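Below is one structure, written out as C-alpha cells; comments come after it.
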Amino acid sequence: MYTLWQDIRYAIRLLRKNPGFTIVSVLTLALGIGANTAIFSVINSVLIKALPYPQPEQLVSVWETLPTGSRNSVSAGVYKDWRAHSSKFAHLALYKDIRLNLTGTGTPEHIAGLQVTTEYLSVLGIAPLLGRAFMAGEDAMGGNNQVVVLTHAFWQRRFGGDPGIIGQAVTLNQLPYTVIGVLPPDAMLQAESQFLIPFTIDVDSDTVKWVRSYHCCGVIGRVASGVKATEAQAELRGIRQQFAAEYPSYKKDWGLEVVALQQDLTGDVRPTLLILLGTVGLVLLIACANVSNLLLARGNTRAREMAIRAALGASAGRIVRQLLLESVLLALVGCVLGLLLAMFSIELLTRMLTGLIPALLHPTLDLNVLAFSVLVASGCGILFGLLPAIRASRPDVNHVLKETDRGAQSASKRRSQSVLIIAEFAFTLVLLIGAGLFLRSFLRLLDTDPGFNPNQALAFDLSFAKAKYPKAEEQQRFLQELNGRIAALPGVEAVGAVTNLPLSNRDNGEGLRRADQPQGSPINVANVFVAGDYFAAMGIKLQRGREINAADNVPNAPPVLVIDASVAHDLFPNEDPLGKSLRFLGRPWEVVGVVTPVRHNALNTNPRPRVYGARVQASYPMSSIVIRSSLPASALIETVRKTILAADPDQPIANVRTLEEAVQRSLARQRTTLVLLGLFAVVAIGLACIGIYGVMSYAVGQRARELSIRSALGANRRDIIRLVLGGGMKLSLLGIGVGLVGAFFLARLVETLLFEVKTHDPLVYVAAVGLLCLTAAFSIYLPARRAAQLDPIVALRSE
63 MYTLWQDIRY AIRLLRKNPG FTIVSVLTLA LGIGANTAIF SVINSVLIKA
113 LPYPQPEQLV SVWETLPTGS RNSVSAGVYK DWRAHSSKFA HLALYKDIRL
163 NLTGTGTPEH IAGLQVTTEY LSVLGIAPLL GRAFMAGEDA MGGNNQVVVL
213 THAFWQRRFG GDPGIIGQAV TLNQLPYTVI GVLPPDAMLQ AESQFLIPFT
263 IDVDSDTVKW VRSYHCCGVI GRVASGVKAT EAQAELRGIR QQFAAEYPSY
313 KKDWGLEVVA LQQDLTGDVR PTLLILLGTV GLVLLIACAN VSNLLLARGN
363 TRAREMAIRA ALGASAGRIV RQLLLESVLL ALVGCVLGLL LAMFSIELLT
413 RMLTGLIPAL LHPTLDLNVL AFSVLVASGC GILFGLLPAI RASRPDVNHV
463 LKETDRGAQS ASKRRSQSVL IIAEFAFTLV LLIGAGLFLR SFLRLLDTDP
513 GFNPNQALAF DLSFAKAKYP KAEEQQRFLQ ELNGRIAALP GVEAVGAVTN
563 LPLSNRDNGE GLRRADQPQG SPINVANVFV AGDYFAAMGI KLQRGREINA
613 ADNVPNAPPV LVIDASVAHD LFPNEDPLGK SLRFLGRPWE VVGVVTPVRH
663 NALNTNPRPR VYGARVQASY PMSSIVIRSS LPASALIETV RKTILAADPD
713 QPIANVRTLE EAVQRSLARQ RTTLVLLGLF AVVAIGLACI GIYGVMSYAV
763 GQRARELSIR SALGANRRDI IRLVLGGGMK LSLLGIGVGL VGAFFLARLV
813 ETLLFEVKTH DPLVYVAAVG LLCLTAAFSI YLPARRAAQL DPIVALRSE
C-alpha cells in the first residue's frame, strides 16, 4: 500500500511538471467523457431506470393491432368487455385525450386533459397530494361524474397552489366540475395534461361514438402479482375472440398486443438514443487514441528514466503499474472536467429532446451516471495507457543509456503510433458517414410533399362545450359564422375547419367498403370532417369531382364523402368512383370528389387512406381552424383572436401555429439526431486532425537529422513537403480504407431511422472520404512545411 501511495504521489508530481501535456490530455478526455456522460444520463433516465410508480414492472399498455401488425387505439366497448371478463389484471383503465374550455376564473383558457375510468390512478399507484381520487361509479352513466382532479403544475399555475380549491367548482365547457383532488408533482404520463375527469362509457348507445368499432382510446393496466404480460395478452385475445362472434362491429381480423408501459413510452426514441451512445463511444475511442499517441511520444523522452529504473532492479510489472496509475489519474481528472461539461450539456439535451422523451423521465446526474462516468474514465485510463506502459516497461538498457542514442524512437513505437492514427481515421469516417446519411435523409424529408401547402397558413384549435354546442348542427352553425367573420378579414384568402388537422398527433380510423359489395372486406381508413373552404385553406389538390361545400354542411343534407386517391385505387381500381356509394359508419355515403393523399401523421410515413365528410355529420368536441392569408401570421393572430371572442366570449383558442411550424415540429426527432451526430462528427474530425498533426510534428522532430541530410544532398522544399505529406496521407488513407469497411457493415444499424436513403449511398461515402482527406492533408501540411524550412546546418550541428 505504501508503494502504491508513493506511485500516486509521483504521478501527480509528474503531471504537474508537464502542464502542456496534462492540459491537452485532460481537455481531450473531458470532451469524450463529458459527451458519453451526457448521453448516458438520458439513456439511464429513459431506458434503464424504472418508471417512478410503485411496482413499475407490473405496468402495461394494451393496444389493438391492425392486420398489418401496426398498433391502433382501442374502442371503449372493447375495453368494457376486457375489464368485465379479465382475471389477469389487478387494475385496467381506459383514457382519452380531451381539451376543454376553462371559464369563469380569469381569462378563458383552452386546456388539455384526460378522460379516464376510475381505476386510472390505481393502475399507476398514485395517491393525490390533496383531496381524493375517483371513487367507483363516478364514471358510470348517471353517476357523480362532474368531478375533476387537477395536476400539480396546473394547480400551481392557475390557482396559485391554493389548498382551498378542494371542494370548489370550476367551469369546464360550460359545466360545473367539483375539484376533488390535486396530484403530486410529475405524476402524469402526458406532460401536457392539466386535469383528469371521469370517462363515462355507454356501450349500449345507438350513437356512433361508443360502439365497439370506434377506436379512439388508450388502455393501461397493472397485471396481477406473478402474472406476465404474455399471459395477460393471451387472456385478452381469448376474450376478444369470444366477443367477435357476438358483436358484428368487432373487427375480426384485428389482434391485440400487451407491452410493458416503459417500453411503450420510450420505444420510438430507443433506437435514436442507442445510435447516439454508439456515436459518443466512437468519439471517446478517438480521444483515447489521441492521448495514447501523446503518451507514446512522451514515453520516448522518458526512455532514459525507465532504463535507469530497470537497471536499478524495477520489474516490468512495477513500471507498468506506475505508468497505468499516471494514465488512470489523468483520465479521472478528465472525468471531473467531463462531469462539469455534462452538467451543462444535460440541460441542453433535455431541451433538444423535449417531446421525444416522456417529461417525467427527465435526465439527471444521479449515482448511476456518476458511477458510469468513473468506470468509463478508469477503463479509458487503462485502455490508452496500457500500450505505452508495456512499451516503456521493456527498455533496452544498454542501448538507451548511450548518450548518442538519447531521444531515438524505435520502429515498434512508430508502428504503434501509426496503428492508433489509422484507428482514429477509421472511427472518424464511420461517424462522418453516419452524419452524412442522416443529413441526406433529413433533406429528403424536407423535400417530401406532405400533400398540402404549409406556406402562408395559420392554424389553431377550438373546443366545443357540450352544454352550449350539444349537437353537430350547433357546432357547424358556429363554425359557419366564425368562418364568415374570419374570411372577411383583410388578407384572408381561404378559411376552413377540420376535426383532426394534419401533424396534430390526432387521428381516427374506421372501416369502409363499397355499398354494392356487402360481403366484401372493409378497408381501414382515417376519417376527418370538414367545413368551409378547408381544401383551399390547406392547399390540398382536388383531382376529380368537387369539394365538400356549404350545401353539404346543413342539417339533413345527404351524407357525402371526398376520398383520397389511395382509397379510390383500393376500392375502384378500374372505375370512376364519383357517384358511387360507400358503406361508412353504418350508413351509405356518396363519393363526390377525389383529392391528393396527405401525410397526416408524419412526413416519413406513407399517407394513410383517408376520407373527408361534412362537419355537420359528426358531433366532435374539437375543431381546428386553418386560415390561408397573404399576410404574415404575426399580423393576423390578434385580429383572429378578437374575432373569435366577438363570436363567443367564452371561446378561447389554443395551439396557435403556422403549418410551416407544424411541419418543422414533426421533424424534431430527425433534426435532433442530425444536429447531435453532426456535432460529434465535427469533434471527431478535430480530434483526428489534432492526432495526426501531433504525430507528424513529432516525427518531423525525430527525423530532423535525416531531412537535413536530404536537403544538404539537394532535395528542395517541395521534395521535403511531398515526403512528409506522403507519409502522413498513407496513414490517413489506410484509416479511411478500414473505416469504409466498418461503415459498410455498421450503416445497417441505422437503416430503420433513414427516409428514402440507402445505407450505402455513394454520394455520402464520396463526400465523407473527400472531406476527411482534405482535413487530413491540411493537418499534415503544417508540420511538412515546417520540415521544409529546417536549416540543414543548424540541424546537423545540434546532432
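Just so you know, our numbering puts the end of the sequence shown at 861, numbered straight through with nothing missing.
All C-beta atoms in this analysis are idealised placements derived from N, C-alpha and C, irrespective of residue type, glycine included.
A quick note: this is a predicted structure, and the numbers were derived from the prediction, not measured.
(1) Shortest alpha-carbon distance to R576 belongs to which of L520, L633, R568?
(2) Return the CA-CA distance between E652 and L551, expressed in angstroms with no decimal places.
(3) Is the region 542-562 touching the region 696-705, taking contact as three or more C-beta pairs under 8 Å?
(4) Does Y157 come within less than 7 Å of chain D when only Cβ atoms are used?
(5) Does the beta-carbon distance from T510 to L665 come in below 7 Å?
(6) Here's the rule: buried if 16 or more other CB atoms are within 10 angstroms of the residue's CB, otherwise exposed. What is A307?
(7) How far does the alpha helix (DSSP H) with S87 in it reach, from first residue to last?
(8) Looking at I263 and K142, is the spacing between their C-beta atoms short of 7 Å?
(9) Could you tell me the alpha carbon to alpha carbon distance between K79 and Y72, rounded to whole angstroms?
(10) Ignore the nearest five residues each way along the sequence and tell me which others in L796's own chain have a CB closer than 7 Å to its CB.
(11) For N589, which three-state DSSP category applies?
(12) Drop a sphere of 10 angstroms on the beta-carbon of L437, count the other beta-carbons inside from all chains shown, and report buried for 16 or more, exposed for fewer.
(13) Tell me whether V803 sits in a helix, a strand or coil according to DSSP, three-state version.
(14) Using C-beta distances below 6 Å, list every residue in its chain close to A716, excluding the 5 sequence neighbours before and after it, in chain order.
(15) Can you check which of these residues, L541, A850, A838, is closest to E768 by C-alpha distance?
(16) With hydrogens ignored, establish whether the beta-carbon of G558 is closer than 6 Å to any heavy atom of the ligand MN.
(17) Report the three-state DSSP secondary structure of L693 (helix, strand or coil).
(18) For N355, count neighbouring C-beta atoms within 10 Å of its own C-beta (all shown protein chains included) and say buried if the count is 16 or more, exposed if not.
(19) Between the Cα of C442 and the Cα atoms of L346, W125, I625, which residue gives the shortest distance?
(20) Excluding the five sequence neighbours on either side, which residues of its own chain have a C-beta within less than 6 Å of the C-beta of G96, listed in chain order?
(21) Taking the beta carbon of R690 as the centre, do at least 16 other beta carbons fall within 10 Å, making it buried, or is it exposed?
(22) Tell me where the alpha helix (DSSP H) around Q881 begins and ends.
(23) Determine the extent of the beta strand (DSSP E) in which F646 is found, giving its start and end residues.
(24) Taking the alpha carbon of R810 as the point to measure from, which residue in G799, D823, V800 has its own alpha carbon closest?
(25) Compute the Euclidean distance between the alpha carbons of L162 and H424, then round it to the nearest angstrom.
(26) Within 8 Å, do at least three Cβ pairs link the region 200-209 to the region 237-249?
(27) Can you look up A112 in the DSSP assignment and give me helix, strand or coil?
(28) Using 10 angstroms around the beta-carbon of E813, count the other beta-carbons present and answer buried if the total reaches 16, otherwise exposed.
(29) How big is the Cα-Cα spacing for L836 and D326?
(30) What does a CB cutoff of less than 6 Å around L391 pick up in its chain, not counting 5 residues either side in sequence?
(31) At which residues does the alpha helix (DSSP H) containing W144 begin and terminate?
(32) Starting from the C-beta of R506, find all residues in its chain whose C-beta is less than 8 Å away, skip the five residues before and the five after it, and write them out in chain order.
(33) Could I get the ranges of all uninterrupted beta strand (DSSP E) runs contained in the region 158-199, with 3 residues as the minimum, in chain order?
(34) Could you tell me if Q579 is buried or exposed, where buried requires 16 or more neighbouring beta carbons within 10 angstroms of its beta carbon?
Checking against the coordinates, here is how it stands:
(1) Residue mapping note: residue 576 aligns to position 514 of the sequence shown, counting from 1. Measuring from the Cα of R576, the nearest candidate turns out to be L633.
(2) By one-based count along the sequence shown, residue 652 stands at place 590. By one-based count along the sequence shown, residue 551 stands at place 489. Whole-angstrom Cα-Cα distance: 34 Å.
(3) yes
(4) Although the question refers to chain D, the structure presented lacks it and comprises just one protein chain.
(5) Counting from one through the sequence shown, the residue named residue 510 turns up at place 448. Counting from one through the sequence shown, the residue named residue 665 turns up at place 603. Cβ atoms of T510 and L665: closer than 7 Å.
(6) Along the sequence shown, one-based indexing puts residue 307 at 245. Flag for A307 reads exposed.
(7) For the purposes of this step, residue 87 is taken as the residue at position 25 of the sequence shown. 81-105 is the extent of the alpha helix (DSSP H) around S87.
(8) Here residue 142 corresponds to residue number 80 of the sequence shown, with the count starting at 1. Here residue 263 corresponds to residue number 201 of the sequence shown, with the count starting at 1. Closer than 7 Å, so yes.
(9) Here residue 79 refers to the residue found at position 17 of the sequence shown. Here residue 72 refers to the residue found at position 10 of the sequence shown. Those two C-alpha atoms are separated by around 11 Å.
(10) As a first step, residue 796 is located in the sequence shown; it is residue number 734 there, counting from the start. Counting only Cβ-Cβ distances below 7 Å, and skipping sequence neighbours, we find I484.
(11) Sequence index remark: in the sequence shown, residue 589 carries index 527 (1-based). Note: N589 maps to strand in three-state DSSP.
(12) As a position in the sequence shown, residue 437 is number 375, starting the count at 1. Classification of L437: exposed, given that the 10 Å Cβ count is below 16.
(13) One-based indexing of the sequence shown puts residue 803 at position 741. Three-state result, V803: helix.
(14) In the sequence shown, residue 716 corresponds to position 654, counting from 1. Excluding sequence neighbours, A716 sits near H172, D523.
(15) Translated into the one-based positions of the sequence shown, residue 768 becomes position 706. Nearest option by C-alpha distance: A850.
(16) Looking for the ligand MN in the displayed structure turns up nothing, as the structure carries no ligands at all.
(17) If you number the sequence shown from 1, residue 693 lands on position 631. The answer is coil: DSSP assigns L693 none of H, G, I, E or B.
(18) Here residue 355 is taken as the residue at index 293 of the sequence shown, counted from 1. Result: buried.
(19) As a first step, residue 442 is located in the sequence shown; it is residue number 380 there, counting from the start. The residue with the shortest Cα to Cα distance from C442 is L346.
(20) On the sequence shown, position 34 is the one that residue 96 refers to. Answer for G96: G400, L403, A404, listed in chain order.
(21) For the purposes of this step, residue 690 is taken as residue 628 along the sequence shown, with counting starting at 1. Classification for R690: buried.
(22) The structure shown has nothing for residue 881, since the chain only spans 63 to 861.
(23) Here residue 646 is taken as the residue at index 584 of the sequence shown, counted from 1. 643-646 is the span of the beta strand (DSSP E), which, as asked, contains F646.
(24) For the purposes of this step, residue 810 is identified with residue 748 of the sequence shown, where counting begins at 1. Ranking the options by Cα distance to R810, first place goes to D823.
(25) Reading the sequence shown from its first residue, position 100 is the one you call residue 162. Reading the sequence shown from its first residue, position 362 is the one you call residue 424. Distance between the alpha carbons of L162 and H424: 27 Å.
(26) yes
(27) Within the sequence shown, numbered from 1, the residue matching residue 112 stands at position 50. Here A112 sits in coil by DSSP.
(28) Within the sequence shown, numbered from 1, the residue matching residue 813 stands at position 751. The residue is exposed, with fewer than 16 neighbouring Cβ atoms inside 10 Å.
(29) To locate residue 836, count along the sequence shown from 1; it is residue 774. To locate residue 326, count along the sequence shown from 1; it is residue 264. Taking the straight line from one Cα to the other gives about 45 Å.
(30) Taking the first residue of the sequence shown as 1, we reach residue 391 at position 329. If we look at L391 and ignore the five residues flanking it on each side, its Cβ neighbours are A73.
(31) Walking along the sequence shown from the start, residue 144 turns up at place 82. Per DSSP, W144 belongs to the alpha helix (DSSP H) from 138-147.
(32) Here residue 506 refers to the residue found at position 444 when the sequence shown is read from its first residue. Once the five neighbours on either side are set aside, the close Cβ partners of R506 are F817, E818, V819.
(33) 171-178
(34) Walking along the sequence shown from the start, residue 579 turns up at place 517. With fewer than 16 other Cβ atoms within 10 Å, it is exposed.
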